[in-house]
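154 is the number that full-length UniProt numbering gives to position 154 of the sequence shown; each next residue is one higher, with no gaps.
Don't be surprised by glycine CBs; every beta carbon is placed ideally from N, CA and C.
Working notes, structure below.
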Amino acid sequence: MHAFLKGGPTKKVTQKDDSASAGKSGSSQKYLNKPTPWVEKYRPKRIDDVVEQKEIVSVLRECLSRARNWGLQLFPMNEVGKTSTIMAAARQLFGDLYKERILELNASDDRGIQVIRDKVKNFARLSATSGFKRSDGTSCPPLKIVILDEADSMTNAAQSALRRTIEKETKTTRFCLICNYISCIIPPITSRCAKFRFKPLGEGMIRLRLEMICKEENVSYTPEALAALIDASGGDLRRAITSLQSCARLKGADKKIEATDVAEMTGAVPHKWIEQFVESSRSNDYKTIESRVDQILYEAYPVLQVIEQVHDYVMRSDNTSDLAKAYICEKLAVSNWQLQGGASEYLQLIDIACSMAKIFQQNSKRSET
């Protein structure tokens with residue numbers, strides 16, 4: 001009876017139990033030591049870490065120094081650091097309490113009118129404790145932040161419900177709307193927000209960031225590989241960092257990352273294939289054109305990717321006139337649209353090459369006259 005009241009007899013720990021518990025702790029430790037994505041590892045923790053957005057950082061720094069905030073509207077481009085900027089500002093404002101003071105809804109969440117009326121409205125109604133101390137001893141302002149990522153995908157009814165919530169709960173809650181198309185936000189909301197237009201990231205800034213990460217992670221690379229990463233990213237720093245980590249895992253710690261590794265990892269078409277495709281059009285020989293198109297399709301390269309890289313190659317060409325570039329870009333745009341509608345990849349590539357051959361021929365005649 002005494003043993004029963006005390007919880008039963010103590011179980012003798014056997015060697016098998018020891019090994020099982022050790023295995024569990026080992027597996028949990030292994031889980032904790034899993035490598036984190038570099039995108040999250042090097043995400044800005046403070047607004048001063050945000051690159052290329054000096055004016056926005058300056059305004060946010062002034063707001064945080066006075067513990068003030070207002071409705072924000074961040075736009076217009078993809079992958080330029082809008083979400084990272086507001087999250088860095090929230091971390092700096094609330095410290096280790098930022099998870100309790102933030103409600104973030106992104107495109108994967110249901111953000112219909114019912115969610116705005118229930119989830120957002122209930123969170124905005126909660127009063128934040130004033131004078132609450134953070135772990136570093138500084139006082140946390142009595143504010144909360146609602147972050148709506150890709151707010152331009154919300155319905156007009158949901159935006160109207162959000163407008164009413166913004167009006168009522170402005171004393172304790174601040175709202176941040178992140179969107180790509182500001183024209184999709186109703187005027188009553190845009191008039192209540194301070195608008196911040198984010199600039200696209202320059203190649204130089206992306207290069208500096210990638211070089212810093214390579215130095216921190218002890219990654220060896222060639223200059224051509226870094227240039228290929230920047231080219232493949234299309235100004236998207238997140239994509240560049242993810243591709244860099246994938247290439248580093250592919251090559252290992254002892255080998256340098258080459259441009260061919262970047263092309264293989266990102267799915268980019270090798271430069272020689274693009275050059276041969278364009279030069280076959282300059283030759284004005286249908287047999288050569290057909291041979292190059294067959295080679296590209298045989299290698300199973302995405303035709304939309306081929307079109308994108310042909311566009312970049314032609315735009316950087318010095319021996320092509322501006323008028324010829326304009327005609328080629330128009331043809332590439334039409335073919336891109338037709339491919340998305342289900343057109344034949346083979347016929348579109350043949351059409352592009354033959355059209356470029358005609359444009360190059362007309363361009364040479366103009367230059368002769």
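Exercise. Would the region 112-129 and the region 167-183 be scored as touching if the rule is three or more Cβ pairs under 8 Å?
Worked result: yes
Exercise. Ends of the alpha helix (DSSP H) at Glu-258?
Worked result: By 1-based counting over the sequence shown, the position of residue 258 is 258. Neither: Glu-258 is in no alpha helix (DSSP H) and is coded neither H nor E.
Exercise. What are the residues that DSSP puts in a beta bridge with Ser-139?
Worked result: Against the sequence shown, residue 139 aligns to sequence position 139. For Ser-139, which the question treats as bridged, DSSP gives the partners Lys-133.
Problem set entry | Uninterrupted beta strand (DSSP E) stretches inside the UniProt domain "ATPase AAA-type core" (77-200) (no shorter than 3 residues) | 102-105, 144-149, 173-178 and 194-197
Problem set entry | Ser-191 versus Val-51 - alpha carbon distance | Within the sequence shown, the letter at position 191 stands for residue 191. Within the sequence shown, the letter at position 51 stands for residue 51. So the alpha carbons of these two residues sit roughly 28 Å apart.
Exercise. So what does Tyr-221 bridge to, in DSSP terms?
Worked result: Taking the first residue of the sequence shown as position 1, residue 221 is located at position 221. Looking at the DSSP assignment, Tyr-221 forms a beta bridge with Ile-257.
Problem set entry | Bounding residues of the alpha helix (DSSP H) (the contiguous stretch that carries Val-334) | For the purposes of this step, residue 334 is identified with residue 334 of the sequence shown, where counting begins at 1. That run of the alpha helix (DSSP H) goes 322-340.
Exercise. Is the number of C-beta pairs between the region 338-357 and the region 261-275 that are closer than 8 Å three or more?
Worked result: no
Exercise. Should the region 248-267 be regarded as contacting the region 203-221, the criterion being three or more beta carbon pairs within less than 8 Å?
Worked result: yes
For this session: Determine the burial state of Gly-341: buried for a count of at least 16 other Cβ atoms within 10 Å of its Cβ, exposed for fewer.
Result: Here residue 341 is taken as the residue at index 341 of the sequence shown, counted from 1. Flag for Gly-341 reads exposed.
Problem set entry | Cβ-Cβ distance between Arg-117 and Ala-157 below 8 Å | In the sequence shown, the residue the question calls residue 117 occupies position 117. In the sequence shown, the residue the question calls residue 157 occupies position 157. For Arg-117 and Ala-157, no; Cβs fall outside 8 Å.
Exercise. Are the beta-carbon atoms belonging to Ile-178 and Ala-90 less than 8 Å from one another?
Worked result: Taking the sequence shown and counting its residues from 1, one reaches residue 178 at position 178. Taking the sequence shown and counting its residues from 1, one reaches residue 90 at position 90. It is not a contact, given that the beta carbons lie outside the stated cut-off.
Exercise. Along the chain, where does the alpha helix (DSSP H) that runs through Ser-290 open and close?
Worked result: As a working mapping, residue 290 is identified with position 290 in the sequence shown. Going by the sequence as given, residue 290 is Glu instead of Ser. Note, Glu-290: alpha helix (DSSP H), 286-298.
For this session: Verify whether the separation of the beta carbon atoms of Ile-307 and Ser-281 is less than 8 Å.
Result: Translated into the one-based positions of the sequence shown, residue 307 becomes position 307. Translated into the one-based positions of the sequence shown, residue 281 becomes position 281. No, the pair does not count as a contact, with Cβ atoms beyond the cut-off.
Exercise. Any idea what DSSP makes of Lys-41, helix, strand or coil?
Worked result: The residue labelled residue 41 in the question sits at position 41 within the sequence shown. Note: Lys-41 maps to helix in three-state DSSP.
For this session: Compute the minimum distance between the beta carbon of Lys-195 and the heavy atoms of the ligand SAM, and state whether it is under 7 Å.
Result: The model on display carries no ligand, and the ligand SAM is accordingly not part of it.
Problem set entry | Cut-off 8 Å between Cβ atoms - residues of its own chain near Ala-22, not counting five sequence neighbours on either side | Here residue 22 refers to the residue found at position 22 of the sequence shown. Note that Ala-22 scores a pLDDT of 46, beneath 50, so its modelled location is shaky; the value from the coordinates is reported in the next line. Taken in chain order, the list of residues that qualify is empty.
Exercise. For Ser-317, which of helix, strand or coil comes out of DSSP?
Worked result: Reading the sequence shown from its first residue, position 317 is the one you call residue 317. Residue state, collapsed to three classes: coil.
Exercise. Can you name, in chain order, every residue of its own chain whose Cβ lies under 7 Å from the Cβ of Met-39, other than the five neighbours on each side?
Worked result: In the sequence shown, the residue the question calls residue 39 occupies position 39. Looking at the sequence itself, residue 39 is Val, so the reference to Met does not match. Excluding sequence neighbours, Val-39 sits near Arg-238, Ile-241 and Thr-242.
Exercise. Which same chain residues, not among the five before or five after Asp-351, have their C-beta less than 6 Å away from its C-beta?
Worked result: The residue given as residue 351 occupies position 351 in the sequence shown. Counting only Cβ-Cβ distances below 6 Å, and skipping sequence neighbours, we find nothing.
For this session: Figure out for me which residue from Ser-135, Leu-60, Met-87 and Val-278 has the closest Cα to the Cα of Asp-96.
Result: Start at 1 with the first residue of the sequence shown, and residue 96 comes out as number 96. Here the closest residue by C-alpha is Ser-135.
Problem set entry | Classification of Met-315 by the beta-carbon crowding that lies within 10 angstroms, buried from 16 upward | The sequence position of residue 315 within the sequence shown is 315, counting from 1. The residue in question, Met-315, is exposed, as its Cβ has fewer than 16 Cβ neighbours within 10 Å.
Problem set entry | Inter-residue spacing [alpha-carbon to alpha-carbon] between Cys-176 and Thr-83 | Position 176 of the sequence shown, counted from the first residue, corresponds to residue 176. Position 83 of the sequence shown, counted from the first residue, corresponds to residue 83. When rounded, the distance between both Cα atoms is 10 Å.
Exercise. Smallest Cα separation from Asp-48: which of Tyr-42, Phe-360 and Arg-61?
Worked result: The count along the sequence shown starts at 1 and reaches residue 48 at position 48. Here the closest residue by C-alpha is Arg-61.
Problem set entry | Check whether Glu-264 and Val-303 have beta carbons under 8 Å apart | By 1-based counting over the sequence shown, the position of residue 264 is 264. By 1-based counting over the sequence shown, the position of residue 303 is 303. No. Outside cutoff.
Exercise. Quick one: is Met-87 buried, meaning 16 or more other Cβ sit within 10 Å of its Cβ, or exposed?
Worked result: Here residue 87 corresponds to residue number 87 of the sequence shown, with the count starting at 1. Classification of Met-87: buried, given that the 10 Å Cβ count is 16 or more.
Exercise. How is the alpha helix (DSSP H) around Ser-283 delimited, first residue to last?
Worked result: Within the sequence shown, residue 283 is the residue found at index 283, counting from 1. 271-283 is the span of the alpha helix (DSSP H), which, as asked, contains Ser-283.
Problem set entry | Spatial neighbours of Ser-367 in its chain, beta-carbon cut-off 8 Å, leaving aside the 5 residues before and after | Stepping through the sequence shown from its first residue, residue 367 is reached at position 367. Same-chain partners within the cutoff: Ser-321.
Exercise. Can you name, in chain order, every residue of its own chain whose Cβ lies under 6 Å from the Cβ of Arg-324, other than the five neighbours on each side?
Worked result: Along the sequence shown, one-based indexing puts residue 324 at 324. Here the sequence assigns Ala to residue 324, which means Arg is not the residue at that position. Correct list, in chain order: Ile-359 and Asn-363.
Exercise. Is Asp-48 helix, strand or coil by DSSP?
Worked result: Along the sequence shown, read from residue 1 onward, the residue named residue 48 stands at position 48. Looking at Asp-48 - three-state DSSP - the assignment turns out to be helix.
Problem set entry | Contact set for Ala-225: own chain, Cβ-Cβ below 6 Å, skip 5 residues either direction | Taking the first residue of the sequence shown as position 1, residue 225 is located at position 225. If we look at Ala-225 and ignore the five residues flanking it on each side, its Cβ neighbours are Ile-257, Glu-258, Ala-259 and Val-262.
Problem set entry | Through-space distance from Ala-151 to Gln-114, alpha-carbon basis | Counting from one through the sequence shown, the residue named residue 114 turns up at place 114. Counting from one through the sequence shown, the residue named residue 151 turns up at place 151. Rounded to whole angstroms, Gln-114 to Ala-151 spans 15 Å at the Cα level.
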